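Chemist: There's a structure below that I have some questions on.
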Amino acid sequence: MKKTTFLKMMLLAVVMLVGSVSWAQESIIYSTGFESIDEFTAGTVYNNTTVAFTGAEGKQWGTYYGTPSTTSAITDAQSMQMRWYTAAPNNFGYTFTNFDLPKATKVIFKAKNTAGINVIVSFSTDGGGTYQGEETINLSTSATEYTYTISPTGEFANVRIKFTMTFETAPSGTSRLYIDDVAVYGITGGAIPTATPTFSPEGGAYITPQDVSLSSATAGASIYYTTDGTDPNNTGNGTLYAGTPINVSTTTTIKAIAYADGLEPSSISTATYTFPIEVATIADLRAVSLPSTNLYKLTGEAIITLMTSSRNAKYIQDATGGILIDDAGGVITSTYNVGDGITGILGTLGEFRGMIQFTPYQDTGAASSTGNTVAPQVLTLAQLSNDYQAKLIQINNVTIEETGTFAVNTNYTLTDASGSGVMRLQYSDLPLVGTSIPTTAQDIIGVLLTYNTTQQLVPISMSPSSFTGLSTLKSAAHAWTAQGQIMVNASVGEMIEVFTMTGQKIVSRLAEDGINTINATAKGVLIVKTGNRVSKVIL
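Under the numbering used here, residues 472 to 1010 are what the sequence shown spells out, in order.
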């Protein structure tokens, strides 16, 4: 932006006045390049501990730890320059307009830095007593043009601008901030609007009722509001805010407008307060139309069937269906095991490539029950569909086309009497990762993950379909039971892991050479993994 001198500004004003008179348009109301023609005197002292004023009478800038300077100016001969010194680490240079600008809307300026210095831009509406609207702008060593917004409506009668040095990491030496080509835009030709109402607390998602207060920066302003979605006014549609907070406990949108004598009405401000929608079952949750921005609370209990460290995901299920909890942010901090029940989960619903996901809003607290068993639903590959998303299912007498060793993030082709399907080792902590792919037909228990239009069985456990009892297991496998204990034939240093049929790990220990005796508290069908060998036993 080419610097505009005072004479050029006057000529521009005359042309605009002669050409036409427009109502309430945005235009430049002040500009400077900190040049000598605008009566800015260049200096060489940058560590002034008192504010120094320079510039034309009535248009002066105050500067602390800085001065107009000819050193490395951005445009023409001079720029405003502030410095930071390691000898005075708490002294951050700043510069500000020591005069008011009416109905300012935005500031466009050029800036550059050395050694990682950035700038905080803010504005004052009380003559520099307090500053608001702080925005940190990250700079570079190359001069760049930036825009800082004050108010799109120009609602403030008197505005002062301030630029302050800042940084993320303290530089190792003297550092500089350069400001140049400042242009302040404002509303011209129209009446000053009343300050737009603000809300406290701001709109957002809440889980408890809120008392909302309304205010306007314009002294003596009257505020009218609605809660039915219509636009408020002072001529019959809206309630006069008398100072008593508005209590909201269900999802509500508040609209507010402010009026003041001698001023134009403000813009209408809007705030939406969202509260959870309670649903009793996972089926109700899955029936929600997506996309949705609402919060939902699952009031019934759901049982964990699979957990993984990947995105802190949890598959949960109740009598009506299953759903995937996607918790990439680690919102849930409580510790759970497979088989634990969780009640009152609060979150938002989304969809990723066809898979419905429940993203938690807050920690879910202690388990509401433990030790639950979810019976897998027995299906064929041809029956797999979105109806069974995230549910624990079992496919019997399945063969796997591939050979070798199971690897994470890999798809495998399954075949049963009904057709073919896909099994995917989606997570690195699944028990089967690193084990040998069986060459005989298997019974597989897992959860169903949808990817676009493909149904993927995420395996928790598998066992030979020809399993007929303990005697067969003892002769064909490396693990068996005796007198209520698990016996494992292993080599020294191998890792022995025991899982329930739902994937919960209940034993993890290093093997001794030969027969190892394992005590397990769980009863029923268990999966024993030793190295890359997997067997099924019954306690």
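From the three backbone atoms N, C-alpha and C, an ideal C-beta is built for every residue, glycine too. Being a predicted model, the structure only gives us computed values, none of them experimental.
1. Nearest-angstrom Cα distance between Gly-842 and Leu-777?
2. Run through the DSSP bridge pairs and tell me what Ser-1013 is partnered with.
3. When the Cα atoms are used, what is the spatial distance from Asp-914 to Asp-797?
4. Does DSSP put Ala-837 in a helix, in a strand, or in coil?
5. Select from Gln-865, Tyr-535, Asn-857 the residue whose C-alpha is nearest the C-alpha of Thr-921.
6. From Ile-986 to Ser-1006, what distance separates their C-alpha atoms?
7. Which runs of the alpha helix (DSSP H), 4 residues or longer, sit entirely within the segment 590–672?
8. On the DSSP letters alone, give me the boundaries of the alpha helix (DSSP H) that Asp-755 sits inside.
9. Terminal residues of the continuous beta strand (DSSP E) containing Asn-987?
10. Opposite Val-959 in the DSSP bridges: which residues?
11. Which word fits Lys-994, buried or exposed, when buried means at least 16 other C-beta atoms lie within 10 angstroms of its C-beta?
12. List in chain order: all unbroken alpha helix (DSSP H) runs of 4+ residues lying wholly within the segment 833–912.
13. Identify which residue in Leu-896, Val-849, Ala-799, Met-636 has its Cα closest to the Cα of Thr-534.
14. Which residue from Leu-610, Tyr-744, Gln-833, Glu-606 puts its Cα closest to that of Lys-581?
15. Identify whether Ser-781 lies in helix, strand or coil by the three-state DSSP scheme.
16. For the beta strand (DSSP E) holding Arg-980, just list the boundary residues, first then last.
17. Got a sec? Which residues, its chain only, sit under 6 Å from Asn-705 by beta carbon, not counting five neighbours each side?
18. For the beta strand (DSSP E) containing Leu-795, list its first residue and its last residue.
19. Identify, in the order they occur along the chain, each residue of the same chain with its Cβ nearer than 7 Å to the Cβ of Ala-991, setting aside the five sequence neighbours on each side.
20. Taking C-alpha atoms, which residue in Asn-808, Val-759, Glu-616 lies nearest to Gly-974?
21. Considering only the alpha carbon of each residue, which of Thr-1001, Met-972, Thr-971 lies closest to Ala-982?
22. With a CB to CB cut of under 8 Å and the five nearest residues on each side skipped, what residues in its chain are close to Thr-876?
23. Can you name the residues that DSSP bridges to Phe-567?
24. For Met-966, does the count of other Cβ atoms within 10 angstroms reach 16, so buried, or fall short, so exposed?
25. Using DSSP with H/G/I as helix, E/B as strand and the rest coil, what is Asp-509?
26. My output table needs one value for Glu-497: the three-state DSSP class, helix, strand or coil.
27. Using 8 Å as the cut-off, can you tell me whether the segment 615–625 makes contact with the segment 581–597, which would need three or more C-beta pairs spanning the two stretches below that distance?
28. Can you give me the start and stop residues for the beta strand (DSSP E) that Phe-746 sits inside?
29. What's the C-alpha gap between Leu-896 and Ile-864?
30. Would you kindly check if the distance between the Cβ of Tyr-656 and the Cβ of Ile-545 is under 8 Å?
31. Would you mind sorting Phe-511 into buried or exposed? The rule is 16 or more other CB atoms within 10 Å of its CB.
32. Whose C-alpha, out of Leu-820, Asn-783, Ile-866, Thr-830, is nearest the C-alpha of Asp-900?
33. Would you give the residue range spanned by the beta strand (DSSP E) that Asp-811 belongs to?
34. Whose CA, out of Thr-764, Arg-631, Glu-872, Gly-964, lies closest to the CA of Lys-574?
35. Pairs of beta-carbons, one from the segment 732–744 and one from the segment 663–673, closer than 8 Å: are there three or more?
36. Ignore the nearest five residues each way along the sequence and tell me which others in Gly-1012's own chain have a CB closer than 6 Å to its CB.
Modeler: So, from the data block:
1. 13 Å
2. Nothing can be reported for residue 1013: it is not among the residues displayed for the chain, which extend from 472 to 1010.
3. 28 Å
4. coil
5. Asn-857
6. In this structure, the CA atom of Ile-986 is about 15 Å from the CA atom of Ser-1006.
7. none
8. Counting along the chain, the alpha helix (DSSP H) containing Asp-755 begins and ends at 753–757.
9. 985–989
10. Answer is Ala-950, Asn-987.
11. Looking at its Cβ environment, which holds fewer than 16 other Cβ atoms inside 10 Å, Lys-994 is exposed.
12. none
13. Met-636
14. Leu-610
15. helix
16. 976–981
17. Counting only Cβ-Cβ distances below 6 Å, and skipping sequence neighbours, we find Tyr-695, Tyr-730.
18. 792–796
19. Only Ile-957, Val-969, Ile-977, Val-978, Leu-997, Leu-1010 meet the Cβ criterion.
20. Asn-808
21. Ranking Thr-1001, Met-972, Thr-971 by CA distance to the CA of Ala-982 puts Thr-1001 first.
22. Answer for Thr-876: Gly-905, Thr-906, Ser-907, Ile-908, Asn-1003, listed in chain order.
23. Gly-533, Lys-633
24. exposed
25. helix
26. strand
27. yes
28. No beta strand (DSSP E) contains Phe-746, which DSSP labels as neither H nor E.
29. 15 Å
30. no
31. buried
32. Answer by Cα proximity: Asn-783.
33. No beta strand (DSSP E) contains Asp-811, which DSSP labels as neither H nor E.
34. Arg-631
35. Counting Cβ pairs under 8 Å, three or more are found: they touch.
36. In the structure as shown, the chain begins at 472 and stops at 1010. Residue 1012 is therefore absent and cannot be evaluated.
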